[in-house]
Every structure is written in C-alpha cells, then in structure tokens.
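In mature numbering (1 follows the signal peptide of the UniProt record, and there is no 0), the protein residues as written are -21 to -1, 1 to 311.
Glycine included, every Cβ here is placed at the ideal spot set by N, Cα and C.
Just below is one structure, and these are the notes that go with it.
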Amino acid sequence: MRLPAFSLIALSLAAPRAAHAQEMLFRLPAACEIGRTCFIQHYVDHDSSPEAEDYRCGTLTYDGHDGTDIRVPTTAAQKAGVDVVAAADGTVLRTRDGVEDISLSGRNRESVENTECGNGAVVDHGNGWQTQYCHMAKGSLAVKPGDTVKAGDRIGRIGLSGATEFPHLHFTVRKDGQVVDPFTSGPASQACGAGQQASLWEPSERSALAYQAGSVLNKGFAPGPVSMEAIESGSAEQNTPTTTSPALVAYVRAIGLKGGDAQILTLFDPDGKPIAQNKAPPLDRNKAQWMMFTGIRQPAGGFRPGLYRAIYRVERDGKPAIEQAFGISLRP
C-alpha cells in the first residue's frame, strides 16, 4: 500500500523512475516460495492518474502503491514465521519495532497514523540505492541501524503491523530517492509492457516471479460451509472431512480477479462424476480477493471412501485465465 513518510523510515512519494539493471540486482526479500507459500498481491502503480495499472497494464495494484506486496496465505502461516531477508548487501539505516500486529480491518486509519509502515527497516546499498521493508512482526527485527547485511541475511519476519489488512511484506526499491519497480527498469511513463529494460531481480529469481494475472491463494476441503475469516485464520485447513462428516465442501480463495471474470468450482466423486457445482455470475468489478465454495450433504450411509477432486476455473474475456485442481482422500 502507499505509505506516507514518518520519522523513522522516510518514504518518497515520487513516481517510479527509470533505472539501470546493471547497477543493482535483488533477490526475493522473503524466505518463501512464490506461488506456494507466498504470493504477490500488489505491484507498483505505473499510472500517474487517479487510476492504477501494474507494469503489465494489469489490475494488481492500486492508486499510488509504491512497492511490491508479498503476502502469506493465512495468519496461521504468518504466526508460524516467514523470514524477511535483505534483498542485497548493504548497511541498515533506520529501523522501527514495537508496533502491534493487528489488522486494520474494522479500525480507522487514524489508529496507525505515523506508523503506516508498521515495524520496518531501510537498507542502503550504495550509489543511491535503498530498499525498505514494512509490516514486519512485532519483536522480530534482527538488525539495528549501522549493521551491515549480506543478501539473504534475516532482517525480521512478515507480520501484520501498520496499515495493512493481511499479513505481508511491503517491499520498496528507491534510486536517488525515486521509487523503482524491480520488475522493470523502464520508466513508468512508457506504455505498459513496452520498451522496458531487464528486471532488477537476480536471474535465478525471474522464473518464479513471472507475472501471474490472478492466483489461487487458498484451496481445500471442509466438513461444512466455510467463511473468509476461517480461511484467513487458517482454521479452515485444520478441520479435515471424513466419510462420516455432515457435508463435503470444496473451497477456494483467489486473488487478482477482474471485472467480468466467470468462475466455476466443481466437485467430483471417486468415479469422476460431478456431484456439486458453483457457477458464479461474472464479477461486476475487479476484486483483490474472492472466496467461493461448493459441496453436498452427507448421503445416507456416509460418503464413499476414495479420492474426491475439485476443479476451479476462471474464464476471462472468453479464455481460460486460472485453473486449479485439488483433491482429498476420504477415509472412515
């Protein structure tokens, strides 16, 4: 999210600028696996108007967003601990710790005034390059001003501090005080996706960080209806259905959906026969996240043991955009 300046971690609100890929390369600043244990929720906003576009002209950003948001799928995963690491060698300039890990959901923004970044750090990499790390967990910072760090050294852990509604790391790159999008070193004023130089990510990172126009954040099965709160907390994953459960429910939570997207979630029995389906109407507008589920009540005598599968599909402009299959083996 766009974060205003504060006393410990200075922030620039300037638009993203051109950079030179050969000057600096960065590693992923979180000890997680993109697409499995963590996901990119938002990119830098490349549109100087009140509208917003990511570097691929997509919708995975919002107005004024000046960094990359790397989120973990549940608060349970966040509490288990996901390290934030230095993206490159450097010297720690500023830090802050002690901000509580409390979601901004249900609170007003004034409650985090001047602590929008939450627990954070700024690292100087020389030659005008700096990186900033926000929303880390209270008490997790492992560095102090003046410390030297190597790429991959632990700085803290992903948290829920400051102006955020979900556990994630907000990572910002700056060159001479100007925001740079690490996914492209081309100027933000160019047409999206056109004429851009190489990204600033290390070559070993680029495949995993390939642009995804929407992803499945959570998926699984439950013995009854699920809620967004249960998915977010991770409790939905802890209640495994059996052959004697009152119901069998397949659920998904996706991120980065667009207006007009058509979603279908289908549940299949061990013979491959569809036994339940949720076909949602096309979305009326872009959605940062969306949850849906489908299922059936327990039949007489219980569910037949075996492998039950679910397939989630998203069609965008008449073409497949996302497809995810998952399954569960029911046992007595």
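Residue i, enclosing beta strand (DSSP E) - first and last residue
i      : result
PRO253 : 253 to 259
PRO299 : 298 to 309
MET271 : 266 to 276
ILE210 : Unbroken run through ILE210 is the alpha helix (DSSP H), 207 to 212; no beta strand (DSSP E).
GLU294 : 285 to 295
GLN242 : 241 to 247
GLN111 : 108 to 115
VAL91  : Where VAL91 is concerned, there is no enclosing beta strand (DSSP E), given that its DSSP letter is neither H nor E.
VAL78  : VAL78 -> no beta strand (DSSP E), and no H or E assigned at all.
ASN98  : 98 to 105
Residue burial classification, residue i (beta-carbon count within 10 angstroms, cutoff 16)
i           : result
PRO52       : buried
THR127      : exposed
residue 320 : The structure shown does not extend to residue 320, since the chain is modelled only from -21 to 311, so the question has no answer here.
CYS36       : exposed
ASP31       : Position check: residue 31 holds Ala in this sequence, whereas Asp was assumed. The residue in question, ALA31, is buried, as its Cβ has 16 or more Cβ neighbours within 10 Å.
LYS237      : buried
ARG264      : exposed
SER164      : buried
GLY125      : exposed
GLU92       : exposed
Endpoints, alpha helix (DSSP H) assigned at residue i
i     : result
THR54 : 54 to 59
Whole-Å CB distance - residue i paired with residue j, under 8 Å assumed
i      : j      : result
GLN303 : VAL195 : 4 Å
VAL64  : ALA10  : 6 Å
PHE162 : TYR34  : 5 Å
ASP160 : TYR22  : 7 Å
ASN106 : GLU2   : 7 Å
ILE210 : MET270 : 6 Å
LEU148 : PRO220 : Their Cβ separation, rounded to whole angstroms, is 33 Å, which puts LEU148 and PRO220 out of contact at 8 Å.
VAL158 : PHE5   : Between PHE5 and VAL158 the Cβ distance is about 14 Å, and since that is not below 8 Å, they are no contact.
GLY193 : ILE234 : 7 Å
Any chain D beta carbon closer than 7 Å to residue i
i     : result
LEU39 : No chain D is part of this structure, which consists of one protein chain only.
Three-pair Cβ contact test at 8 Å for the region 105 to 113 versus the region 14 to 24:
no
So, do the region 274 to 289 and the region 242 to 257 have three or more beta carbon pairs nearer to each other than 8 Å? Segment contact: the region 274 to 289 against the region 242 to 257, three or more CB-CB distances shorter than 8 Å; contact assigned.
Using a Cβ distance threshold of 8 Å, determine whether the region 86 to 102 contacts the region 176 to 189, with at least three qualifying pairs required. In this structure the region 86 to 102 does not lie against the region 176 to 189, because fewer than three pairs of beta carbons, one per stretch, are closer than 8 Å.
Does the region 255 to 262 touch the region 226 to 245, meaning 3 or more C-beta pairs lie closer than 8 Å?
yes
Below 8 Å, can you find three or more Cβ-Cβ pairs linking the region 217 to 233 to the region 77 to 84?
no
- Task: Report the residue ranges of all beta strand (DSSP E) runs contained in full by the region 117 to 198; include only those spanning at least 3 residues, in chain order.
- Result: 133 to 136, 147 to 154 and 157 to 159
* Where are the alpha helix (DSSP H) runs, 4 residues long or more, that stay fully inside the region 6 to 71, in chain order? -> 54 to 59
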